[in-house]
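Visitor: Before anything else, here's the structure in question.
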Amino acid sequence: MSQHKADRFWSHDMIRARLNRRGLVKGAAAGGAGIALGSRLGGYRAMAQTPTAAVVDPSTDEPPVELPLVEEKTTLRILQVQNPSVENYETNTFTQWLEEQTNVHIEWQTVPLDEAEAALTLRLASGDYPDILMDFNPTPSVIQLYGSQGIFIPLNDLIEQHGTMTRLHWETTPSARVASTAPDGNIYSLPSINDCYHCTMSAKLWINQEWLDTLGLEMPQTTEEYAEVLRAFKDGDPNGNGEADEIPLTGSGIVGGAWHGSPDHYFMNSFIYHPGNDLRLIQDNGKVIAIYAQEAWREGIKYLAGLHAEGLLSPEIFTNDRDQLRALGNGRDGVAIVGSVPAGWFGEFMTFTAGESGPWDAYTAVPPLEGPDGTRYSMHDTFQAPIVGTFIITDKCQNPELAMKWADFLGRVEPTTRSIHGVKDEDWRWAYEGEIGIDGEQAWWHSITDVANIPSQNIHWSQDGPSVRTAKYRLSQVVPDPDNITAGANLEVVLYNLTKERYAPYAPEQPMNLPPMYFTVEQANEVATILPQLETYVNETFAQAVTGQLDIESEWDNYLANLEAIGLSTFVDLHQQVLDETNANS
Ligand SMILES: [Ca+2]
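Sequential numbering of the sequence shown, starting at 503, is according to the numbering used here.
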């Protein structure tokens, strides 16, 4: 592999994976910034609530574990990506608790986050690496490369023998198993799991409910009804200032813009399933499809172009960055000017402040719209939950059984909560019977301080390690004021309810997003050559067609020919090969 190719093979996906992981919850923080009480920084510790009811300890429902994991104190050596939020892994409060529980002593080596990718390449090439690699999250292709060389050992048998919790979690979050299995059937790494329910269906459309009420309009259910609503927004002065200053539909469709701010993510789901990412490949009964090369995509463009031609869709949708969108969403002189906007949550299109009321109180989510031929999907990306490649055992490890047991222990509910939220009964506690969680059911745990969210501390691992937050776990956080549900006070509850009621009914029954792709070096290089050209061409054509600079109807054959010339068939075939092997072996 030439240096040039090696660079492309690695790309910057590892860093991106880390950033995405932090940003996954997009403002809702580790467990819901909106509902953390008190602040460790501010010196305030919430008074422990008098336990008048029984404590609900969810760990009692887990299979038993024999502690310590090993009779004699045993050392495992970890190469760890240094998380800027963790002061010192060795002296960290959670590390010490973990050692007391397991009798496993960790010898830490760390590498800085921004040098992690290069450091790992160098260490693996020189043979100077320890038992375990943690939080490197290499791309699946990199994992497969070192797995096939025997440097990352297969974990299949270890999981079978010692992965009690891992096996359980992979039943409740099957995407974690699929995403961790290479096409050769081997599992070369354990993921961390962070299953944010509303994030998996986050290609949403928001609408100003006050404007609907003012104009006496119902929530639209079809693409046609939605167009009617936009016309009324444009002409009906719903913000009541006597000026035609309303923007019926805007967004942020540029690369790196707002989360799901590009209009294709939401609106194309009325024409063909859209996976909510810019790759725009889906699987349908095992077949890989590039949705932007289907006639349904053309029909979707024609719908959006029609909205633009009527002055309903702002052309700024393709030039707004996130800040520009938020300035629009904040309104002018205290008056709302945006009627509707595709986005993952309120904070993408306005300045959102937890704990307060604000302009977001006017907005609610529109369910997926039924398209002209009855198509009506919610994007549903189950592969967001597993963060692949968090925990890797190398061929240097003398005691892989213990390493596996140790990782499996971290997936239990108490170690996971301590590793992310801090000290039990100081920073968080188990719920009392009768306390309600985000999903409206009996809660499991309550956040006392916001130490999970502060930039530097030495109490927990700040989401490092193979921790497991299933959807149920995340939704079992105590809601402090369940009788007063507003986005400002209870953001996660609002997002949960809107997702469950309005989006979940339209999620496909089988996953239509592609799992992470374990390409060979050769395949990865081909993909890396074709992908940027495809993305650029598809994005440019989409923006030009929606804004009326080209007519997609007359350009369609030419567009398909250009996609083909860039390498579309090869690109789809490469994904099909890997998907076939993955489906056959996972
Ligand atoms: Ca007005």
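All C-beta atoms in this analysis are idealised placements derived from N, C-alpha and C, irrespective of residue type, glycine included. As the structure is a computational prediction, the values presented were derived from the model and not from experiment.
So is the beta-carbon of N741 under 7 Å away from any non-hydrogen atom of ligand 1?
Guide: Flag set: Cβ of N741 near ligand 1.
Visitor: Per the contact definition of three or more C-beta pairs closer than 8 Å, is the region 752-760 in contact with the region 815-833?
Guide: Because the criterion of three Cβ pairs below 8 Å is met, the region 815-833 and the region 752-760 touch.
Visitor: Going along the chain, which unbroken runs of the alpha helix (DSSP H) with 4 or more residues stay wholly within the region 999-1078?
Guide: 1023-1048 and 1054-1068
Visitor: Looking at P817: is its Cβ nearer than 8 Å to the Cβ of T1038?
Guide: No, these two residues do not count as a Cβ contact at 8 Å.
Visitor: Any heavy atom of ligand 1 inside 7 Å of the beta-carbon of D825?
Guide: no
Visitor: Should N1085 go down as buried or exposed, given a rule of 16 or more other Cβ atoms within 10 Å for buried?
Guide: Only exposed fits N1085, as fewer than 16 other CB atoms lie within 10 angstroms of its CB.
Visitor: Give the secondary structure of I1090 by DSSP, where H, G and I count as helix, E and B as strand, and everything else as coil.
Guide: What the structure shows of the chain is the stretch from 503 to 1088, and residue 1090 is not part of that stretch, so it cannot be assessed.
Visitor: Cutting at 6 Å between CB atoms, please list the residues of its own chain near Q796, excluding the five before and the five after it.
Guide: Result list for Q796: I774, in chain order.
Visitor: Quick one, are the C-beta atoms of N1087 and D686 less than 8 Å apart?
Guide: For N1087 and D686, yes; Cβs fall inside 8 Å.
Visitor: Using 10 angstroms around the beta-carbon of Q900, count the other beta-carbons present and answer buried if the total reaches 16, otherwise exposed.
Guide: exposed
Visitor: Mind checking which residues open and close the beta strand (DSSP E) that includes N710?
Guide: K706 to N710
Visitor: In whole angstroms, give me the CA-to-CA distance for L809 and E872.
Guide: 16 Å
Visitor: For V868 versus M721, is the C-beta distance shorter than 8 Å?
Guide: yes
Visitor: Note down the Cα distance separating I791 from N1015, rounded to an integer number of angstroms.
Guide: 10 Å
Visitor: Consult DSSP for Q611 and reduce its assignment to one of helix, strand or coil.
Guide: strand
Visitor: So, for Q603: in the same chain, excluding its five sequence neighbours on each side, which residues have a beta-carbon less than 7 Å away from its beta-carbon?
Guide: L569 and P570
Visitor: Could you check if D747 belongs to the surroundings of ligand 1, using beta carbon to heavy atom distance under 7 Å?
Guide: yes
Visitor: Below 7 Å CB to CB, which residues in the same chain sit around G1090 once its five sequence neighbours on both sides are set aside?
Guide: Shown here, the chain extends from 503 to 1088; a query on residue 1090 therefore has no answer.
Visitor: Throw me the rounded Cβ distance for the I803 and A1063 pair, which I believe falls under 8 Å.
Guide: I803 to A1063, Cβ: 17 Å. No contact.
Visitor: According to the Cβ coordinates, are I950 and D983 closer than 8 Å?
Guide: Between I950 and D983, the C-beta gap is not smaller than 8 Å, which leaves the two residues out of contact.
Visitor: How many angstroms separate the CA atom of E574 from the CA atom of N960?
Guide: 27 Å
Visitor: Would you say S587 and P957 are within 8 Å of each other, going by their C-beta atoms?
Guide: Yes, the pair counts as a contact, with Cβ atoms nearer than the cut-off.
Visitor: Could you give the first and the last residue of the continuous alpha helix (DSSP H) run that contains K907?
Guide: P902 to L912
Visitor: List the whole-angstrom C-beta distance separating F850 from G788, where the pair is believed to meet the contact cut-off of C-beta under 8 Å.
Guide: Looking at the sequence shown, residue 850 is not Phe but Glu. Cβ-Cβ separation between E850 and G788: approximately 34 Å, too far for a contact (criterion under 8 Å).
Visitor: What beta strand (DSSP E) runs, 3 residues minimum, are completely inside the region 828-883?
Guide: 840-845 and 865-868
Visitor: Roughly how many whole angstroms lie between the Cα atoms of L578 and I634?
Guide: 8 Å
Visitor: Enumerate, from N- to C-terminal direction, the unbroken beta strand (DSSP E) stretches of 3 or more residues contained entirely within the region 772-803.
Guide: 783-786 and 789-792
Visitor: Give the straight-line distance between the Cα atoms of A945 and V981, rounded to the nearest whole angstrom.
Guide: 8 Å
Visitor: Tell me, please, which residues DSSP counts as bridged to W932.
Guide: Note: W932 is bridge-paired with W947 in the DSSP secondary-structure output.
Visitor: Whole angstroms are fine: how far does the CA of Q826 sit from the CA of T972?
Guide: 35 Å
Visitor: Does the Cβ-Cβ distance between G990 and S859 come in under 8 Å?
Guide: yes
Visitor: To which residues of the same chain is W708 closer than 8 Å at the C-beta, ignoring the five residues directly before and after it?
Guide: S842, V843, P844, A845, F848, F851, Y865, T866, A867 and V868
Visitor: Would you mind sorting T1001 into buried or exposed? The rule is 16 or more other CB atoms within 10 Å of its CB.
Guide: buried
Visitor: Distance check for G759 and A618, CA to CA, integer angstroms please.
Guide: 26 Å
Visitor: Using a beta-carbon distance below 8 Å, is P984 in contact with chain D?
Guide: Of the protein chains in this structure there is only one, and it is not chain D.
Visitor: Check M703 in the structure and name its three-state DSSP category.
Guide: coil
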